[in-house]
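For reference, the structure is listed below as structure tokens.
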Amino acid sequence: MNYPIYMDYNATTPCLEEVVQAMLPFFSQHFGNAASKSHAYGWMAENAIENAREQVADLIGAKSKEIIFTSGATEAINLAIKGIFEVFKGKKQHYITCQTEHKAVLDTFKSLEKEGAEISYLSVNQYGEIDLEEVMSSIQEHTKMIALMWGNNETGLLHPMDDIIRIANEKNIILLTDAVQTVGKIPVNVSGIHMMAFSSHKFYGPKGVGALYIRHNHPLPKPFPLIVGGGHEKGYRSGTLNVPGIVGMGKAAEIQQKSIESDMDRLLLLRNKLEINLLKISGTKLNGSQKKRLPHVTNISFEGVEGEELLRAVNKKVAVSSGSACTSISPKPSHVLSAMGLDSDLGRASIRFSLGKFSTEKEIEDCVSHVQQIIQELRNKS
Amino acid sequence: MRVYFDNAATTAMDDRVIEAMLPYMKLHYGNPSSVHSHGREVRSAVEKARKKVAELINASPSEIFFTSGGTEADNTAIVCGIETHGIKHAITSPIEHHAVLHTLEECAKKGKIKLSLLDVNQKGEINLDQLEGLLKANPNSFVSLMHANNEIGNINDLNAIGNLAKTYGAFFHSDTVQTMGHYVHDLKTLPVDALVAGGHKFHGPKGSGFLYVRKDKKIHPFIHGGAQERNMRGGTENVIGIIGIAKALELAYEDMNGHRSHIESLKKRFIELLKENIPGVTFNGRSGDLEKSLYTVLNVSLPPSEENRGMLLFNLDLHGISASGGSACSSGATVGSHVLRALGHDPERESVRFSFSRYNTLEEVDYTIEKLKELYAISV
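Residue numbers (full-length UniProt numbering), protein chains in the order written: chain A, 1 to 382; chain B, 1 to 380.
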């Protein structure tokens, strides 16, 4: 099978060869259950898990005991949000999040709304930025959590995490951040954050593994477990540990810690080249802010073309998406771009290009000429 | 000699399963929700896996939901089954796996349900008359009873339980983690509303599982966010896990009778040799009865011995034999097995669970018996 050029690294990334190699022994000879305390197979698996926990903790400046392994970031987010809701169950509860969050956060809050939680969905400006004044004015006496993503999956915009951390700590409110798009991609440090969810397959590790960072030594409550039975992961998350997956995530974390800076520098140049050239096409517009954003993402709207047709045509040679993969089957325009004020036609005719470790200069050039040609063809047709 | 007799905790992966998974790590790495060919190729592999699983257990693909394992699947069935169907009363037994027992206890603690525990006798058997009485007294109950016990191997009659549940309009969930891939499940005839699997119990990968939910008993999602698994389970699919569990189940069904007769011969010999060589040996639950217990599990109760007190498992490990005291999920805890406690097992005696797979041999059984004899200082 001949795949097109891959420019959808925000949706998922391939596993690195070193990651696969690190996982293999835990598929075959070291197959023990990490909870088996009575024999060497179990100890071997447990050691591997603890080693991975340190690798993952190191990447984000955490202590290893603050890392809870899950089946992915979505589960981690569900655990964090529903787990805090359970702590305060029966009391008046208010949460602050933003309209441009990932569905994992939005859908989870929607489920809590049905159970009586009150949610403020912060608005954003045309660049996708939140207003810190609005964060402040949304805070109520019974606000239990602020949940804001670190980097947006569709536009790459980075929220002002330092300011958000400051506000949450001043007001003594739990801060949860969905850092799926930033961990392993840009330097991330958990200092001041109470909970942080992230996922292995976004930084060259395997799918089916993620983690929730739960900060220790602070007086605010920690979440009740979502999945119970067995008491694994200090009781936060039961179920036999996915040993090879976790080993893979650890290895990917270790590798990315070393190569994050050089990846960023290289991808920034490639992204800028891609963006500058695509924006030279008439009737194009950058979605998001050029200032604070991930170095490997650009999101561009194309006027005068039909969204679905555009995506299909681009995808013939370049694998891209019109938004989050998790919602890409839906014909609706992206909720992120809608929140930024894009009309629905233009929202649908927007494409997210996200680059990664294996992106090359040649791919950028091929992508640009392919898109140029398609836009011309589509516009001529109409 | 290195002997792995803890296959109820987890099993070695079949090489063919690993081979099936590997291409989905580096080559076919797309996100199945992506609409481009990287994504579509993987989506089609995931759906093929679902179809395969459905076919093997005679269900419809729309009734299969992939999860991160048996525990998540049990939690989903219980929490969401109870919520969706407005259930106020649940029935289970005290020897269920903690994935079931703790989940139901949580639901009771939160005031969602009243929980009734069936009595178990010294052999770990439940009483169907008692179940029927509770079902009669509590319409629209939730029944959760495992197919086979992970510690003592007792097998429940799912048909009898399921028919009672049906008669009284109850939702019947069964934790089938220990039987999936080892016994045939035919959902066209089996009166079960929800059952679960964990891939790593039948030579598939850890971190993979599935939940079967009967079409007419649909339940709400447990993990929100994203439209994956037809809106039933948010989160990017664990593609290699899904490919792996389907392949493992396929291999299990391919030669289930062959595997079974081989493993049964191991268990039979193990029982015979123990009886012959270790005076005072007994078997916990029904595990000594080949007809009434899992062919993969033998839970042995050994007479008190000063040399081995609390040390038997470690002594076995020193001889290269891996076994366990009970469920791996609680084997770190010092509280001992809740299953054996429920059976009134004498805590002075040593209990060891030996659990077998198709990769074990008769030589391993003989070797283990020799070592047990040495540990109990029984001269030949």
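In this text, a Cβ means the ideal position worked out from N, Cα and C, and glycines have one as well.
For B:V300, the nearest beta carbon of chain A is not closer than 7 Å to its own beta carbon. Three or more pairs of CB atoms, one per stretch, sit closer than 8 Å, so the segment 344 to 354 of chain A contacts the segment 314 to 321 of chain A. Taking B:T76 as reference, the option from B:L187, B:I91, B:L318, B:I219 with the minimal CA-CA separation is B:I219. Residue pairing for A:L286: DSSP places it in a beta bridge opposite A:I300. Only exposed fits B:P304, as fewer than 16 other CB atoms lie within 10 angstroms of its CB. Within the same chain, S60, S62, E63 come within 8 Å of B:K215 by CB-CB distance, once the 5 residues on both sides are set aside. For A:G151 and A:M7, the gap between their C-alpha atoms comes out near 18 Å. For A:M195, the beta-bridge partners assigned by DSSP are A:L176, A:I214.
With respect to A:Q55, A:G250 sits close: the two C-beta atoms are nearer than 7 Å. Cβ-Cβ separation between B:S174 and B:L145: approximately 6 Å, consistent with a contact (criterion under 8 Å). Taking 4 residues as the shortest admissible run, the segment 238 to 278 of chain B contains the following complete alpha helix (DSSP H) segments, listed from N- to C-terminal end: 239 to 254, 256 to 277. The beta-bridge partner set that DSSP reports for B:S357 is empty. Burial is judged here by how many other beta carbons sit within 10 angstroms of a residue's own beta carbon; A:M136 has fewer than 16 and is exposed.
Counting only the Cα atoms, A:R215 lies some 49 Å from B:Y367. The beta carbon of B:E125 lies closer than 6 Å to none in the same chain, with the five residues before and after it left out. In the DSSP assignment, B:N299 falls within the beta strand (DSSP E) that extends over 297 to 302.
Excluding residues up to 5 positions away in sequence, F224 lie with their Cβ nearer than 7 Å to the Cβ of A:E86 in the same chain.
Taking 8 Å as the upper bound on Cβ-Cβ separation, chain A lies near residues G234, G235, T236, E237, N238, V239, I240, G241 of the segment 231 to 253 of chain B.
With a cutoff of 7 Å on beta-carbon distance, A:V228 and B:T167 are scored as not near each other. Taking a beta-carbon distance threshold of 7 Å, A:P14 counts as an interface residue toward chain B. Around the beta carbon of B:A377, fewer than 16 other beta carbons lie within 10 angstroms, which makes this residue exposed. In this model, B:H319 and B:R2 are separated by some 8 Å (Cα to Cα).
For A:F69, the three-state secondary structure derived from DSSP is strand. For A:V20, the chain B residues whose C-beta falls within less than 8 Å of its own C-beta are L22, M25, K26, listed in chain order.
Burial is judged here by how many other beta carbons sit within 10 angstroms of a residue's own beta carbon; B:G310 has fewer than 16 and is exposed.
Proximity of B:D129 to chain A, defined by a Cβ-Cβ separation below 7 Å, is not satisfied. If you compare the alpha carbons of A:A11, A:L16, A:H30 with that of B:D14, the shortest gap goes to A:H30. Excluding the 5 residues flanking it on each side, B:I321 has same chain C-beta neighbours closer than 7 Å at V3, F5, T368, K371, in chain order. Assignment of A:C98 by DSSP, reduced to helix, strand and coil, places it in the strand class. For B:T236, there is no enclosing beta strand (DSSP E), as DSSP marks it with neither H nor E. Counting along the chain, the unbroken beta strand (DSSP E) around A:Y121 starts and ends at 118 to 122. Check the Cα spacing between B:G326 and each of B:S351, B:I245, B:L135, B:L343: the tightest is with B:S351. Taken through DSSP and simplified to helix, strand or coil, B:I369 comes out as helix.
For the segment 93 to 124 of chain B, the residues whose beta carbon sits under 8 Å from a beta carbon of chain A are, in order, H97, H98, A99, V100, L101, H102, T103, E106, K110. Around A:P25, no beta-carbon contact reaches into chain B at under 8 Å, the shortest distance being about 11 Å. Cβ neighbours of B:E264 within its own chain (closer than 7 Å, five residues either side excluded): L290, Y295.
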